[in-house]
Amino acid sequence: MVSDDGPGIPADVLPRIFDPFFTTKDVGEGSGLGLSIVHGIIERHGGQIDVDSKTGQGTTFTVSFPRPVVSFSTAVVLSLAATCGSELTVCERGPVALMWSGVGGRGGAKT
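Here is the structure:
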């Protein structure tokens, strides 16, 4: 979430802020690509960007991404545990479900 307490985005401008090349700036002051590029990157990663703006009160952008579901073989999980030293929780039924907590140094992996 990113917020400011600036002038806000006028209601008539808000529907266009993610359009490529849309800008409210003077010619030569901006390309109008910034929010369009951000929007595209977020959507390509399965995410969503929402905006809430009130004229005279500021604007808030909220970015959200789905939680990834990852499946690995037991050998890959054990190799990750040995290499990364992070705590891993493994379910041994069917495809291995992996929960990874923390980013630690080498050694001390728990499977």
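Quick note on numbering: the sequence shown equals residues 1129 to 1239 in the working numbering.
Cβ coordinates follow ideal geometry from the N, Cα and C atoms, glycine included.
{"Query": "Quick one, which of D1133, G1168, Q1185 has its alpha-carbon nearest I1145's?", "Result": "G1168"}
{"Query": "Exposed or buried, what is T1079 when buried is set at 16 or more other beta-carbons lying within 10 Å of its beta-carbon?", "Result": "Examination of residue 1079 is not possible in this model, given that the chain is present from 1129 through 1239 alone."}
{"Query": "Which residue or residues does DSSP assign as beta-bridge partners of I1177?", "Result": "V1191"}
{"Query": "So, with DSSP's three-state summary, where would you put S1159?", "Result": "coil"}
{"Query": "Applying the 10 Å Cβ sphere with the 16-neighbour rule, what's the burial state of S1181?", "Result": "buried"}
{"Query": "Pick from V1141, V1130, G1134: whose alpha carbon is nearest that of R1184?", "Result": "Note on identity: in this sequence residue 1184 is Gly, with Arg being the wrong assignment. Per the Cα distances, G1134."}
{"Query": "Is the distance from the Cβ of D1147 to the Cβ of S1164 below 8 Å?", "Result": "yes"}
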